[in-house]
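Chemist: Mind having a look at this structure? Questions to follow.
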Amino acid sequence: MALDAIADQRLSRRAMQAELLDAETELKLAYAWRDQRDEQALHRLITAYMRLAISMAAKFKRYGAPMNDLIQEASLGLMKAADKFDPDRGVRFSTYAVWWIKASIQDYVMRNWSMVRTGSTSSQKSLFFNMRRVQARLEREAAATGESIDKQKMREMIAKEVGVPLHDVEMMEGRLSGSDYSLNATQSVDDEGREWIEALEDDGPQAAETVENSHDTETLRQWLLSALSTLNERERFIVRERKLRDDPRTLESLGDELGLSKERVRQLEAAAFGKMRKVLETQSREVHNFLG
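Residues in the sequence shown are numbered consecutively from 1, following UniProt numbering.
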């Protein structure tokens, strides 16, 4: 165990010392791997984002899995993300990689939670990682109002809250309270029956964090609207389609619609970003990531 802890610390230190990639370099590395299968580019891309993988792995330590195993699974998810990443879609690699890293870690945790398979569908996974947290919140709210909730009603409320069938809640309740590992076990005889589940950190955002994020989002929105107002109609259309859509369009598809070459659309996009950058630089340098 001590050797594993030392190895984890060394890996974490190496990850923290890795380079921070700007958007242009990240894009070049992604193209080099996708188009030329350049393994050096792949290694550099993965190394730069290992700190992200380790950070996400640490959030799952409370499920009882060894940290070095969680990091290994996070690394596998990161490599899958790099292999499937399409740099033409207009999103940062880190944004895309988060989904693959989280999915890989969650699959590992569920595979090793119990000798009985816990679940495989997306709804079952959501239930596994959220049921106890939702139950604890519902119990706190009921206690605050003096309401008494029996077990069956609690199951129904959890099913509605998570958005899964009642049968799934009943099945998962049995899995989570099984003899091989249970978060409902009391911590000690001297702890007045307190369960381990009560010691888990609530994943939900705190009130101060919510207010701060809301303020920052609105401020950024106003800055972007101000910068967009300096563009002509065609430039605004290109920026909107390339950066503000949930599913960003490619240069080629925009070129087909506008009757322009792919290269010409790229030039117009770069010019539009240049105009916006001048406006945004007067507000904050933190918005450069948006135009990266």
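All residues carry an ideal CB built from backbone N, CA and C; glycine is no exception.
Is Ser94 closer than 8 angstroms to Leu52 when the C-beta atoms are compared?
Modeler: Cβ atoms of Leu52 and Ser94: closer than 8 angstroms.
Chemist: Taking the beta carbon of residue 335 as the centre, do at least 16 other beta carbons fall within 10 Å, making it buried, or is it exposed?
Modeler: As displayed, the chain neither begins before 1 nor continues past 292, which places residue 335 out of reach and without an answer.
Chemist: Measuring CA to CA, which of Lys61, Val279, Met67, Tyr96 is closest to Ile46?
Modeler: Here the closest residue by C-alpha is Tyr96.
Chemist: How would you call residue 294, buried or exposed, if buried means at least 16 neighbouring beta carbons within 10 angstroms?
Modeler: In the structure displayed, the chain extends from 1 to 292; residue 294 sits before or after that span and is not available.
Chemist: Terminal residues of the continuous alpha helix (DSSP H) containing Lys59?
Modeler: Taken as a continuous stretch (DSSP letters only), Lys59 belongs to no alpha helix (DSSP H), as it is neither H nor E.
Chemist: Specify the secondary structure class of Arg240 as computed by DSSP and reduced to three states.
Modeler: Helix, per DSSP.
Chemist: Would you kindly work out how many angstroms separate the C-alpha atoms of residue 293 and Thr282, rounded to a whole number?
Modeler: One cannot answer for residue 293 here, as it falls past the ends of the chain, which runs 1 to 292.
Chemist: According to DSSP, is Gly174 helix, strand or coil?
Modeler: Note: Gly174 maps to helix in three-state DSSP.
Chemist: Take Arg89 and list the residues in its own chain whose beta-carbon comes closer than 6 angstroms to its own, dropping the five residues that flank it on each side.
Modeler: The residues are Pro248.
Chemist: Given 8 angstroms as the limit, is there contact between the region 37-45 and the region 99-112, that is, 3 or more CB pairs closer than that?
Modeler: Flag = no, the region 37-45 and the region 99-112 do not touch.
Chemist: Contact between the region 260-274 and the region 232-239 is defined here as three or more beta-carbon pairs at a separation below 8 angstroms; is this criterion met?
Modeler: A contact exists between the region 260-274 and the region 232-239.
Chemist: Could you work out which residue in Met157, Asp38, Tyr49 is closest to Arg19 when comparing CA atoms only?
Modeler: As written in the sequence, residue 19 is Glu, which differs from the Arg given in the question. Checking every option, the nearest Cα to that of Glu19 belongs to Tyr49.
Chemist: My assumption, with CB atoms under 8 angstroms, is that Lys262 sits in contact with Leu251. Please give the rounded CB distance.
Modeler: So it is a contact: roughly 5 angstroms between Cβ atoms.
Chemist: Rounded to whole angstroms, what is the Cα-Cα separation between Ala23 and Ala227?
Modeler: Cα-Cα distance, rounded: 20 angstroms.
Chemist: Nearest CA to the CA of Lys151: which residue from Val162, Glu170, Pro165, Arg137?
Modeler: Comparing Cα positions, the closest option is Glu170.
Chemist: Going residue by residue through the region 129-178, where are the continuous alpha helix (DSSP H) segments of at least 4 residues, counting only ones entirely within it?
Modeler: Complete alpha helix (DSSP H) runs here, min 4: 151-162, 166-176.
Chemist: Are the Cβ atoms of Asp168 and Gln135 separated by less than 8 angstroms?
Modeler: No, the Cβ-Cβ distance between Asp168 and Gln135 is not below 8 angstroms.
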